[in-house]
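Undergrad: Here you go, one structure.
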Amino acid sequence: MQSTRTFTDKLFLVLKGLGMGAANKVPGVSGGVVAFVAGFYEEFIYSLKRVNKKAFRLLLKGRFKSFYNYINGRFLSLLFTGMLISYFSISKVLDYLIHHYELYVWSVFFGMIIGSIYYIHKDFDDWNTKTYLSLAIGIILGISISFLSPATENSNLWFVFFCGIISVSGMTLPGFSGSFILILLGNYVLLLVDSVNALYDTMSEVILGDFSFTENTQRMQMLKILVVFTLGSITGLVTFSHILSYILQHYKSITLSSIIGFIIGSLGVVWPWKKTIFKSHESGNLLLDSRGQRIIHNYERFIPELSTETTFAISYIIIGIAVVLVLQKYGQKTKKTA
């Protein structure tokens, strides 16, 4: 799969990485859906699967070029470059937009997921008893997850490592939002906000020649947490890719119908009209974590009344659907000209 790519192909692959990175950080949205709709999901899984014993043997022998080619390094490096850029740029923009225009952001994502369901479903024609059953199971699991109550924050390094493994599931399993799972595990703010901000601040200080952060106990703890979380994420990526590659090879139709069901079930997570409910004492005072952040208890979803705001939100849902359809047409043109 180490095919020749034009400059435009490489640029769009970085942009797809940007999309995956941004999607992975938004609770309820799965980066795997981006990979699925943009047409590189199977190559992504295949490339991650190549990170195996043979790859490590090549690396240990110093055969770096062979290692790079074996794991489809050009593809992975461009994609992960986009994801890294996203975490320090687009994801910050998304944080701002969600804070100030939450309803409209969720509306766009809701529309994109509807478009994704249409896109995946229209090309799937192997419907039978088994695939309908797996579709139903996927829907039930997706909906069930969306109604679970979040736990409290836990900075234990073994638990952080486990969170890393779980968080990347959204990259390999479309419809399964790793960031939403982190909310349920109580560590979303710790791992995707505070630790990332700590790294950003540290890099800024290092560039300016300031190494005083080494004496900052809290900063060093955050960086340690980020390292452990990253190691867990890498472990999860490699492990899930091997499992999914095997399942796709032997049970492709059942897997795809389950993915469609999971994506349908995830609509409950990204339903635009919801209120965040925070945990509180019996006295009514809000419960805060160790850094003064309000602890999320759950989400209250509701049917909106007809208003100008609702009309705008519906318009953004349509825009989200249109974005996916445009990406789909671009992907088809790319395949024809390849």
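Note that full-length UniProt numbering has the sequence shown beginning at 1, numbered continuously upward. Positions of the beta carbon are idealized from the N, C-alpha and C atoms, including for glycine. Remember, it's a predicted structure, so these values are computed and weren't measured experimentally.
Under 9 Å, do residue 232 and residue 160 count as touching if we go by C-beta distance?
TA: Looking up residue 232 in the sequence shown gives position 232. Looking up residue 160 in the sequence shown gives position 160. A contact, by the Cβ cut-off of 9 Å.
Undergrad: What are the boundary residues of the alpha helix (DSSP H) that residue 43 is part of?
TA: Numbered from its first residue, the sequence shown carries residue 43 at position 43. Taken as a continuous stretch (DSSP letters only), the alpha helix (DSSP H) holding residue 43 covers 41-49.
Undergrad: Whose C-alpha, out of 137, 70 and 40, is nearest the C-alpha of residue 258?
TA: Numbered from 1 along the sequence shown, position 258 holds the residue referred to as residue 258. When each option's Cα is compared against that of residue 258, the closest is 137.
Undergrad: Do residue 116 and residue 21 have their beta-carbon atoms positioned less than 9 Å apart in this structure?
TA: As a position in the sequence shown, residue 21 is number 21, starting the count at 1. As a position in the sequence shown, residue 116 is number 116, starting the count at 1. Cβ distance not < 9 Å, so residue 21 and residue 116 don't count as in contact.
Undergrad: With 16 other CB atoms within 10 Å as the buried threshold, where does residue 304 fall?
TA: In the sequence shown, residue 304 corresponds to position 304, counting from 1. Residue 304 comes out exposed.
Undergrad: Less than 9 Å between the beta carbons of residue 167 and residue 181, yes or no?
TA: The sequence position of residue 167 within the sequence shown is 167, counting from 1. The sequence position of residue 181 within the sequence shown is 181, counting from 1. Closer than 9 Å, so yes.
Undergrad: Considering only their Cβ atoms, is the gap separating residue 237 from residue 172 smaller than 9 Å?
TA: For this step, residue 172 is matched to residue 172 along the sequence shown. For this step, residue 237 is matched to residue 237 along the sequence shown. Yes, the pair counts as a contact, with Cβ atoms nearer than the cut-off.
Undergrad: If you measure between the beta carbons of residue 339 and residue 32, is that distance less than 9 Å?
TA: Beyond the ends of the chain as shown, which are 1 and 338, falls residue 339; an answer cannot be given.
Undergrad: Say the cut is 8 Å; is the CB of residue 248 nearer than that to a heavy atom of the ligand ADP?
TA: Absent from the structure shown: the ligand ADP. Ligands present: none.
Undergrad: Please name the residue in 15, 99, 76 and 191 whose C-alpha comes closest to that of residue 165.
TA: For the purposes of this step, residue 165 is taken as the residue at position 165 of the sequence shown. Taking only the C-alpha atoms, the option nearest residue 165 is 191.
Undergrad: When the Cα of residue 320 is compared with those of 106, 201, 55 and 14, which residue comes out closest?
TA: Mapped onto the sequence shown, residue 320 falls at position 320. Looking at the Cα atoms, 106 is the closest of the given residues.
Undergrad: Could you check how far apart the C-beta atoms of residue 79 and residue 10 are, in whole angstroms? I think they sit under 8 Å.
TA: The residue labelled residue 79 in the question sits at position 79 within the sequence shown. The residue labelled residue 10 in the question sits at position 10 within the sequence shown. So it is not a contact: roughly 10 Å between Cβ atoms.
Undergrad: Which residue or residues does DSSP assign as beta-bridge partners of residue 301?
TA: Working through the sequence shown from its first residue, we reach residue 301 at position 301. In the DSSP output, where bridge partners are listed per residue, residue 301 has 274.
Undergrad: Closer than 7 Å by C-beta to residue 24: which residues in its own chain qualify, once you throw out the five before and the five after it? Chain order, please.
TA: What you label residue 24 is simply residue 24 of the sequence shown in a count that begins at 1. Cβ within range, chain order: 31, 170, 171, 178 and 179.
Undergrad: Taking 7 Å as the limit between beta carbons, can you name the residues of its chain near residue 83, skipping five residues before and five after?
TA: Against the sequence shown, residue 83 aligns to sequence position 83. Counting only Cβ-Cβ distances below 7 Å, and skipping sequence neighbours, we find 17, 20 and 21.
Undergrad: Following the continuous alpha helix (DSSP H) through residue 239, name the residue where it begins and the one where it ends.
TA: The count along the sequence shown starts at 1 and reaches residue 239 at position 239. That run of the alpha helix (DSSP H) goes 217-250.
Undergrad: With a cut-off of 8 Å, do at least 3 Cβ pairs link the stretch 37-52 to the stretch 66-78?
TA: yes
Undergrad: Go to residue 180, then tell me how far its alpha helix (DSSP H) extends in each direction, as first and last residue.
TA: Position 180 of the sequence shown, counting from 1, holds the residue named residue 180. Residues 178-185.
Undergrad: Given residue 255, which residues of its chain have a CB within under 6 Å of its CB, disregarding the five upstream and five downstream residues?
TA: Numbered from its first residue, the sequence shown carries residue 255 at position 255. 247 and 248, listed in sequence order.
Undergrad: Just how far apart, CA to CA, sit residue 272 and residue 214?
TA: Your numbering for residue 272 matches position 272 in the sequence shown. Your numbering for residue 214 matches position 214 in the sequence shown. Answer to the nearest angstrom: the Cα atoms are 42 Å apart.
Undergrad: Identify, in the order they occur along the chain, each residue of the same chain with its Cβ nearer than 8 Å to the Cβ of residue 211, setting aside the five sequence neighbours on each side.
TA: Along the sequence shown, read from residue 1 onward, the residue named residue 211 stands at position 211. Counting only Cβ-Cβ distances below 8 Å, and skipping sequence neighbours, we find 205.
Undergrad: Our contact map puts residue 300 next to residue 274 with C-beta atoms below 8 Å; I'd like the distance itself, whole angstroms only.
TA: On the sequence shown, position 300 is the one that residue 300 refers to. On the sequence shown, position 274 is the one that residue 274 refers to. Correct: roughly 6 Å between the Cβ atoms.
Undergrad: Does DSSP classify residue 194 as helix, strand or coil?
TA: As a working note, residue 194 is residue 194 in the sequence shown. Correct three-state label for residue 194: helix.
Undergrad: Kindly say whether residue 213, judged by its beta-carbon, lies nearer than 9 Å to any beta-carbon of chain D.
TA: Any reference to chain D falls outside this structure, which holds one protein chain only.
Undergrad: Can you tell me the Cβ-Cβ gap for residue 36 and residue 120, rounded? I've got them flagged as a contact below 8 Å.
TA: One-based indexing of the sequence shown puts residue 36 at position 36. One-based indexing of the sequence shown puts residue 120 at position 120. Their Cβ separation, rounded to whole angstroms, is 6 Å, which keeps residue 36 and residue 120 in contact under 8 Å.
Undergrad: Run through DSSP, which three-state label would residue 6 get?
TA: As a working note, residue 6 is residue 6 in the sequence shown. If DSSP states are grouped into helix, strand and coil, residue 6 belongs with coil.
Undergrad: Quick check on DSSP: helix, strand or coil for residue 127?
TA: Indexing the sequence shown from 1 puts residue 127 at position 127. Three-state DSSP puts residue 127 in coil, outside helix and strand.
Undergrad: From what residue to what residue does the alpha helix (DSSP H) around residue 56 run?
TA: Along the sequence shown, one-based indexing puts residue 56 at 56. Where residue 56 is concerned, the enclosing alpha helix (DSSP H) stretches over 53-60.
Undergrad: Which whole-angstrom value is the C-beta distance of residue 155 and residue 225, which I expect to be below 8 Å?
TA: Counting from 1 along the sequence shown, the entry for residue 155 is found at position 155. Counting from 1 along the sequence shown, the entry for residue 225 is found at position 225. Yes, residue 155 and residue 225 are in contact; Cβ-Cβ is about 6 Å, under 8 Å.
Undergrad: Nearest by alpha-carbon distance to residue 188: which of 200, 218 and 153 is it?
TA: For the purposes of this step, residue 188 is identified with residue 188 of the sequence shown, where counting begins at 1. Cα-wise, what sits closest to residue 188 is 153.
Undergrad: Quick check on residue 201: does DSSP put it in helix, strand or coil?
TA: Counting from one through the sequence shown, the residue named residue 201 turns up at place 201. The three-state reading of DSSP puts residue 201 in helix, counting H, G and I together.
Undergrad: When you compare only the Cα positions, how much space is there between residue 314 and residue 108?
TA: Against the sequence shown, residue 314 aligns to sequence position 314. Against the sequence shown, residue 108 aligns to sequence position 108. When rounded, the distance between both Cα atoms is 9 Å.
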